[in-house]
Amino acid sequence: MSTVAPQAAMRIATVAVYGYDMLVTIPSEIRLYRRQKSWKKLSLPCILFILARYLGLFYVIWVTYVYFSTGWTLDRCEGIYVVGALFRGLVSSVAATVFLWRTWAIWQKDKRILIFLGIVLIPVTFFSYVPGLLHQRAVITSNGGCTGVAGGTGPLYAKWLFALVNLIYDTIIMILSTWRLALNIRSGNSPISSILLADGVGYFAVAVAVQMTNLIFLLNPDSSKQGTFLTFQTAITTILTQKIITALSERTSIIPSSAHESSVRTKDRSHSRSRIASKFSTVAGRPPPMPWSQAQHNTVTGDSGEQSAVELMKIDVQVEKHISVDDTAHGKTVVYLGDSDSTV
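Residue numbers for the sequence shown follow this note's numbering, beginning at 1409 and rising by one.
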């Protein structure tokens, strides 16, 4: 019974934590759904959120049920425990995809980052499924519940490799994201970067800590104790995945739409030109400048408006440069969060 108590306690804690998070996340979930254009055209983050939330919910309910229910036979348990392993792999894949998507967006969809993270994702995917589905054996606990343990001693039988590759992957994600956002903050190109950095560091730090703790448990030579933290780790990873999506969605919703930004920048352009032109006219002691076409004609014909036309052209170029830089800054901010039509 002593070998059952720690796992039982961790599974109860898992149910409590996941159930509480399900409740407190409902408002954010509703806001995410309301931002969708149509139920027939859900954005990718919304789809990933639904998968993470409800695959994780099914996993927690299923493994808790088969562990605490009694009356299992070994034959029945053989065909049942793999369901939990399958959903654990699916949850891990969704979480890894969300981490990759966020990091790629932060790097402004750099193909090199996508290729690199895609390569790193291969062993994560492999060890998320193979050890749990093909190289485990079912066991009946002392209280009559059903669970699974490693079916051998080879590398493919070791659950700790699952935790190790996920730990490495999460660490790489955290380093890449933090590095890029820190560079953006230093250059001052994106005011939203400091917010994303604060959110991301917290989420990924927890993910790395949980994976490290799970790895320590899985390295225990006693196979009956190896899975003590596994269910809790999977639930926490699922919760963090949801938090990343909803936090990013909330940040995106406070940024003006592209159409609104364009309208604002157009008004700023007109206002800036009028203000600068008026100021120039006042300083030079001349009336407000004539239309550009006429000024250009006067420049060619040697009219007294020659100097005004040349100076206004210089001012106009400077204003355009300023607007171009401002547009670029706005573009970078939007890229971090993604297109509002496809990433909210």
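Every residue gets a Cβ at the ideal spot worked out from N, C-alpha and C, and that includes glycine. The structure displayed is predicted, hence computed values, not measured ones.
Item: Under 8 Å between C-beta atoms of residue 1425 and residue 1460; Value: no
Item: Residue 1489 vs residue 1474 beta-carbon contact at 8 Å; Value: yes
Item: Residue range of the alpha helix (DSSP H) that includes residue 1446; Value: No alpha helix (DSSP H) holds residue 1446; DSSP gives it neither H nor E.
Item: Residue environment, residue 1630, which counts as buried when at least 16 other CB atoms sit within 10 Å; Value: exposed
Item: Proximity of residue 1643 and residue 1422 at Cβ, strictly below 8 Å; Value: yes
Item: Three or more C-beta pairs below 8 Å linking the region 1426-1444 and the region 1619-1628; Value: no
Item: DSSP-derived helix/strand/coil call for residue 1782; Value: As shown, the chain starts at 1409 and ends at 1752. That puts residue 1782 outside it, with no answer to give.
Item: Cα-Cα separation between residue 1593 and residue 1487, rounded to whole angstroms; Value: 52 Å
Item: Own chain partners of residue 1640 with C-beta closer than 6 Å, once the 5 adjacent residues on each side are dropped; Value: 1418 and 1422
Item: Cα-Cα separation between residue 1576 and residue 1524, rounded to whole angstroms; Value: 13 Å
Item: Reduced DSSP secondary structure (H/G/I, E/B, other) of residue 1639; Value: helix
Item: Separation of residue 1427 from residue 1477, as counted between CA atoms; Value: 19 Å
Item: Bridge-paired residues (DSSP) for residue 1554; Value: 1548
Item: Residue 1417, DSSP secondary structure in three states; Value: helix
Item: Which listed residue (1531, 1448, 1578 and 1552) has its alpha carbon closest to that of residue 1416; Value: 1552
Item: Meets three-Cβ-pair contact criterion under 8 Å: the region 1532-1540 and the region 1507-1524; Value: no
Item: Helix, strand or coil at residue 1726 according to DSSP, with G and I counted as helix; Value: Interpretation of residue 1726 is limited by its pLDDT of 38, a score under 50 that renders its predicted location unreliable; the figure taken from the coordinates is listed afterwards. If DSSP states are grouped into helix, strand and coil, residue 1726 belongs with the helices.
Item: Where residue 1481 sits in the DSSP three-state scheme; Value: coil
Item: Length of the line joining the Cα atoms of residue 1613 and residue 1493; Value: 25 Å
Item: Segment limits, alpha helix (DSSP H) that includes residue 1630; Value: Residue 1630 -> no alpha helix (DSSP H), and no H or E assigned at all.
Item: Test item: CB-CB of residue 1657 and residue 1414 under 8 Å; Value: no
Item: Within 8 Å, strictly: CB atoms of residue 1539 and residue 1569; Value: yes
Item: Coil, strand or helix - residue 1450 by DSSP; Value: coil
Item: Inter-residue CB distance, residue 1447 and residue 1548 (contact presumed, cutoff 8 Å); Value: About 44 Å; that fails the 8 Å criterion.
Item: Straight-line gap, residue 1730 to residue 1601 (C-alpha atoms, nearest Å); Value: Confidence is the limiting factor: at residue 1730 the pLDDT is only 39, short of 50, which leaves the residue's position unreliable and the question unanswerable from this model.
Item: Where the alpha helix (DSSP H) containing residue 1515 begins and where it ends; Value: Unbroken run through residue 1515: none, as it is neither H nor E.
Item: Helix, strand or coil at residue 1433 according to DSSP, with G and I counted as helix; Value: coil
Item: Spatial distance of residue 1506 from residue 1578 (CA atoms); Value: 11 Å
Item: Inter-residue Cα distance where the pair is residue 1624 and residue 1615; Value: 14 Å
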